[in-house]
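Per our numbering, the sequence shown starts with residue 2, numbered consecutively.
Ideal Cβ positions, reconstructed from N, Cα and C, are used throughout, including at glycine.
Computed from a prediction, not measured in an experiment: that's the story for all the values here.
Here the structure comes first, spelled out in structure tokens, and everything after it is commentary.
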Amino acid sequence: MAGNGERPPTPPVRGGPGPSPWVYGWPLPEGPRERGRGLDVREREIRGEQGHLDAVYRRLEEKIHEAEFLMSDAAKRVQVGTPGALAERDALVYRAGRHLNRLNSEFEDFLFGRIDLLLGKDGTRGPDGAQTSVDPADDAVREDADGAVADIAETLHIGRMGVLDTEYVPLVIDWRAPAAAPFYRATPVTPGRVVRRRVIRSKGRRVVGVEDDLLRPRLRALLDGEELPVVGDGALMASLGRARGHAMRDIVASIQAEQDEVIRAPAASVTEVVGGPGTGKTAVALHRAAYLLYQDRRRYAGGILVVSPTPLLVSYTEGVLPSLGEEGQVAIRALGDLVEGVSADSYDEPAVARVKGSVRMARVLARAARGALQREDQPQQLSVVALGRRLTVGPERLADVRQAVLSGTAPVNLLRPRARRLLIDALWDAADEVRGHEDPRMRAEAREAFGEDVADEAEFTDFLDAWWPEIAPLEVLRAMADERRLGRWARRVVPQGDVRRLSRSLRRLTADGRGLSVHDVALLDELRTVLGTPARPKPPSEEHLLAELGVAEVTTYADRTARAARPPAEEGERTDYAHVIVDEAQDLTPMQWRMVGRRGRRATWTVVGDPAQSSWSDPEEAAAERSAVLGNRPRRPFELTVNYRNPSEVAEVADRVLALAMPAATPPRAVRSTGLVPRYRVWSGAAGEAAEPELATVVRAETARLLDEVEGTVGVVVAMGRRREAATWIAGLGDRAVALGSLEAKGLEYDATLVVRPAEIADESPAGLRVLYVALTRATQRLTVIAGPGDEPDAEGVPSLLAESGDLAGLG
Ligand SMILES: Nc1ncnc2c1ncn2[C@@H]1O[C@H](COP(=O)(O)OP(=O)(O)OP(=O)(O)O)[C@@H](O)[C@H]1O
Numbered sequence: 002m003a004g005n006g007e008r009p010p011t012p013p014v015r016g017g018p019g020p021s022p023w024v025y026g027w028p029l030p031e032g033p034r035e036r037g038r039g040l041d042v043r044e045r046e047i048r049g050e051q052g053h054l055d056a057v058y059r060r061l062e063e064k065i066h067e068a069e070f071l072m073s074d075a076a077k078r079v080q081v082g083t084p085g086a087l088a089e090r091d092a093l094v095y096r097a098g099r100h101l102n103r104l105n106s107e108f109e110d111f112l113f114g115r116i117d118l119l120l121g122k123d124g125t126r127g128p129d130g131a132q133t134s135v136d137p138a139d140d141a142v143r144e145d146a147d148g149a150v151a152d153i154a155e156t157l158h159i160g161r162m163g164v165l166d167t168e169y170v171p172l173v174i175d176w177r178a179p180a181a182a183p184f185y186r187a188t189p190v191t192p193g194r195v196v197r198r199r200v201i202r203s204k205g206r207r208v209v210g211v212e213d214d215l216l217r218p219r220l221r222a223l224l225d226g227e228e229l230p231v232v233g234d235g236a237l238m239a240s241l242g243r244a245r246g247h248a249m250r251d252i253v254a255s256i257q258a259e260q261d262e263v264i265r266a267p268a269a270s271v272t273e274v275v276g277g278p279g280t281g282k283t284a285v286a287l288h289r290a291a292y293l294l295y296q297d298r299r300r301y302a303g304g305i306l307v308v309s310p311t312p313l314l315v316s317y318t319e320g321v322l323p324s325l326g327e328e329g330q331v332a333i334r335a336l337g338d339l340v341e342g343v344s345a346d347s348y349d350e351p352a353v354a355r356v357k358g359s360v361r362m363a364r365v366l367a368r369a370a371r372g373a374l375q376r377e378d379q380p381q382q383l384s385v386v387a388l389g390r391r392l393t394v395g396p397e398r399l400a401d402v403r404q405a406v407l408s409g410t411a412p413v414n415l416l417r418p419r420a421r422r423l424l425i426d427a428l429w430d431a432a433d434e435v436r437g438h439e440d441p442r443m444r445a446e447a448r449e450a451f452g453e454d455v456a457d458e459a460e461f462t463d464f465l466d467a468w469w470p471e472i473a474p475l476e477v478l479r480a481m482a483d484e485r486r487l488g489r490w491a492r493r494v495v496p497q498g499d500v501r502r503l504s505r506s507l508r509r510l511t512a513d514g515r516g517l518s519v520h521d522v523a524l525l526d527e528l529r530t531v532l533g534t535p536a537r538p539k540p541p542s543e544e545h546l547l548a549e550l551g552v553a554e555v556t557t558y559a560d561r562t563a564r565a566a567r568p569p570a571e572e573g574e575r576t577d578y579a580h581v582i583v584d585e586a587q588d589l590t591p592m593q594w595r596m597v598g599r600r601g602r603r604a605t606w607t608v609v610g611d612p613a614q615s616s617w618s619d620p621e622e623a624a625a626e627r628s629a630v631l632g633n634r635p636r637r638p639f640e641l642t643v644n645y646r647n648p649s650e651v652a653e654v655a656d657r658v659l660a661l662a663m664p665a666a667t668p669p670r671a672v673r674s675t676g677l678v679p680r681y682r683v684w685s686g687a688a689g690e691a692a693e694p695e696l697a698t699v700v701r702a703e704t705a706r707l708l709d710e711v712e713g714t715v716g717v718v719v720a721m722g723r724r725r726e727a728a729t730w731i732a733g734l735g736d737r738a739v740a741l742g743s744l745e746a747k748g749l750e751y752d753a754t755l756v757v758r759p760a761e762i763a764d765e766s767p768a769g770l771r772v773l774y775v776a777l778t779r780a781t782q783r784l785t786v787i788a789g790p791g792d793e794p795d796a797e798g799v800p801s802l803l804a805e806s807g808d809l810a811g812l813g
């Protein structure tokens with residue numbers, strides 16, 4: 002066999018050397034690739050990995066038995082009965098239970114990677130038994146007659162969780178451990194000690210395939226005296242070509258070097274990641290959450306919040322963290338679900354959204370919160386019997402009192418005690434002529450006694466409830482539906498036309514909170530802050546009562562376990578997190594930034610986004626609010642540059658729209674090419690033409706066609722105004738096909754996408770071209786575009802916005 006040293010490495014498939022060789026499916030030199038093709042070699046390699054996987058499973062089973070034993074042993078200790086033994090038992094049961102859960106849940110697809118490494122520079126080993134040196138020893142590579150040759154000194158298997166054998170030798174290294182980093186980071190330009198990187202695919206306990214990449218293709222590497230075989234076409238390509246379902250998969254086996262840099266970035270700051278569509282921003286953000294938990298679980302016990310733009314994207318991504326062995330500590334929330342007890346997924350029309358999202362709303366809401374205190378049905382005078390006579394405070398004095406109370410800066414609901422105090426002062430003043438104490442000390446005592454008497458009077462408390470009620474955020478929003486009142490609160494802040502739009506949109510709100518839009522939720526959250534929540538005495542908990550009665554220790558084991566499993570009801574939703582990850586950050590409005598910011602006042606942050614996909618019309622305003630929220634924390638910027646989702650044929654079309662939407666933007670480079678050019682259909686929409694089918698018929702037929710052509714999902718993207726009718730167009734075609742409004746397509750992907758009437762999508766809002774760019778970048782395999790009136794298709798049916806020399810003429 003010829004030595005590898007003889008062969009120069011083949012250049013990457015397309016473009017210049019990328020940030021990572023995997024990106025280009027680093028073409029292996031002919032020799033090793035052919036070596037891998039032999040069926041016997043592949044079979045032998047798979048058998049070898051199967052042997053290792055079997056050993057891992059045997060060890061896992063032992064660990065599970067250990068955990069089960071701990072559980073049952075701990076349960077038995079209950080018979081000892083002393084308080085100390087009970088506490089010890091509970092701790093053991095808890096630890097063993099967690100361990101067992103992790104082991105069971107991570108059993109599937111447990112092991113996925115392997116690296117074969119040269120001898121490390123200094124030979125030192127870390128706590129997991131792996132060599133710590135990133136660089137090879139000076140004498141790791143030697144020359145013989147055939148060229149460079151080296152021995153493989155260490156082989157590490159990488160998996161979802163670390164497993165040691167009985168001798169504490171690592172059978173599997175946790176993917177987040179430092180020793181696993183070279184699996185993700187090594188490139189042929191900087192291979193470090195890695196000679197071969199292998200991705201192992203398994204089904205259940207059976208290894209079904211291996212995909213190798215050679216990081217030092219010129220080197221002849223020997224493992225146990227035999228030349229290292231290389232099998233398969235590379236893991237990344239194998240993974241990207243697979244059909245998509247309605248759930249995102251983790252990318253743990255094929256994270257690329259530039260992505261790994263982000264995932265493992267130190268957290269003591271703001272990690273800012275930008276990258277075009279399909280560059281893995283969402284995937285990277287989720288893997289980063291898992292990494293942070295691994296790296297400092299105690300710190301992130303304070304919770305990690307992942308903010309996502311839509312509930313669709315939340316449900317699409319929800320499975321990724323459990324597949325990485327992390328649950329519980331991470332909350333993934335859509336922007337419409339961030340406020341406890343509220344869930345909104347309806348959208349305002351762009352002109353209304355623009356008003357509601359603007360930071361100007363903060364001022365309007367502050368005024369509205371105070372203004373909403375005043376209602377027409379409120380009592381006009383306060384009248385109480387005290388000191389043996391009826392005391393009255395009239396409307397004028399009441400107005401003065403209200404103004405005096407409101408001169409305080411505290412949240413409105415927290416000003417109630419101050420209102421109570423000033424009202425009692427007013428009553429005391431009204432009683433002035435009957436008080437008659439000259440001695441200041443006597444006078445003060447009489448005043449105090451007077452206050453105590455009055456404060457408990459039903460007439461007084463009823464008045465206070467009506468005159469200074471505790472206001473709920475929703476009440477204020479509903480009060481803003483009155484255009485006249487809103488006009489007052491919004492004076493010189495929001496123009497009259499916008500006031501009308503805003504009040505009209507708020508008229509749909511019902512008293513029980515139905516009709517809330519996603520943008521209303523940020524307003525509610527702002528109002529919560531401006532209004533404040535008065536502290537209430539906590540009802541005594543069950544545990545407290547039991548402890549007070551001295552019966553805590555006589556409850557049964559089952560009682561106590563059931564109680565421990567119950568969620569802590571009175572704690573409510575967490576509102577302050579240790580780390581906040583914002584996905585699709587370009588879409589947050591200023592008001593949404595304020596809402597998210599309140600959940601991470603002491604947090605570190607990871608913010609991922611793509612300005613070119615922003616559906617928000619005033620990016621500068623949002624950027625200013627984002628800066629205010631992130632404050633002066635140091636920023637660590639990263640850029641992801643490779644599009645893993647779209648084939649180049651689809652990306653090319655999307656790039657034409659990007660050039661119109663943001664001429665200065667550089668699109669990410671597509672990593673794959675399928676040879677499948679996008680398909681164009683024209684629907685003329687000409688009324689009265691008998692031969693012209695309905696748009697519904699054309700969409701349905703094209704969707705059915707795409708369903709035939711791909712194995713996985715098909716997304717039908719329409720303008721937001723058509724999202725409901727579009728669902729009826731494709732009804733009955735099965736759950737592989739989904740209809741979406743353009744804003745709902747954010748972050749999602751489908752094997753095939755049908756984009757309906759691009760000009761209509763682009764015309765829907767000031768950010769329409771960027772929204773269209775999002776719609777065009779959802780497909781992993783095929784794209785069909787239906788042109789309609791306004792699209793000005795050319796002879797091939799290509800809408801003018803998507804044509805090679807596209808200009809804005811078609812926008813109308
Ligand atoms: N290293 C990788 N290995 C395998 N698949 C990857 C890798 N990186 C990204 N992908 C896949 O590429 C697709 C796009 O990833 P993702 O949705 O995270 O991109 P994004 O940057 O958030 O896109 P968008 O901006 O359009 O929302 C997903 O299917 C993801 O699994």
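heavy atom of ligand 1 below 7 angstroms from residue i C-beta
i: M721; result: no
i: D611; result: yes
i: I252; result: yes
i: T590; result: no
i: A284; result: yes
i: S240; result: yes
i: S615; result: no
i: M663; result: no
i: T778; result: yes
i: E750; result: yes
i: T607; result: no
i: G281; result: yes
i: I159; result: no
i: Q257; result: yes
CA-to-CA distance, residue j to residue i, given in whole angstroms
i: L29; j: L215; result: Any answer about L29 is weak, because its pLDDT of 34 lies below 50 and its placement is not dependable; what the coordinates show is given next. Using only the alpha carbons, I get a separation of about 7 angstroms.
i: H288; j: A579; result: 16 angstroms
i: V200; j: L118; result: 15 angstroms
i: R334; j: Y348; result: 17 angstroms
i: A179; j: L54; result: Here the sequence assigns Pro to residue 179, which means Ala is not the residue at that position. Answer to the nearest angstrom: the Cα atoms are 22 angstroms apart.
i: L631; j: V274; result: 14 angstroms
i: V683; j: P794; result: 7 angstroms
i: E319; j: T280; result: 19 angstroms
i: A332; j: A290; result: 10 angstroms
i: T556; j: G329; result: Reliability fails at T556, whose pLDDT of 33 lies under 50, so the model's placement of it is uncertain and the value that follows must be treated cautiously. So the two alpha carbons sit approximately 28 angstroms from each other.
i: V658; j: L773; result: 8 angstroms
Endpoints, the alpha helix (DSSP H) within which residue i is located
i: P694; result: Note, P694: premise wrong, no alpha helix (DSSP H); not H, not E.
i: F461; result: 459–468
i: S649; result: 649–662
Classification of residue i by the beta-carbon crowding that lies within 10 angstroms, buried from 16 upward
i: P137; result: buried
i: D145; result: exposed
i: P759; result: buried
i: M721; result: buried
i: E227; result: exposed
i: N633; result: exposed
i: D656; result: buried
i: A491; result: buried
i: G160; result: buried
i: E797; result: exposed
Residue range of the beta strand (DSSP E) that includes residue i
i: D213; result: 207–215
Runs of 4 residues minimum, wholly inside the region 303–367: which ones carry the alpha helix (DSSP H) assignment? 312–318, 321–324, 351–358
Runs of 4 residues minimum, wholly inside the region 579–645: which ones carry the alpha helix (DSSP H) assignment? 591–598, 620–631
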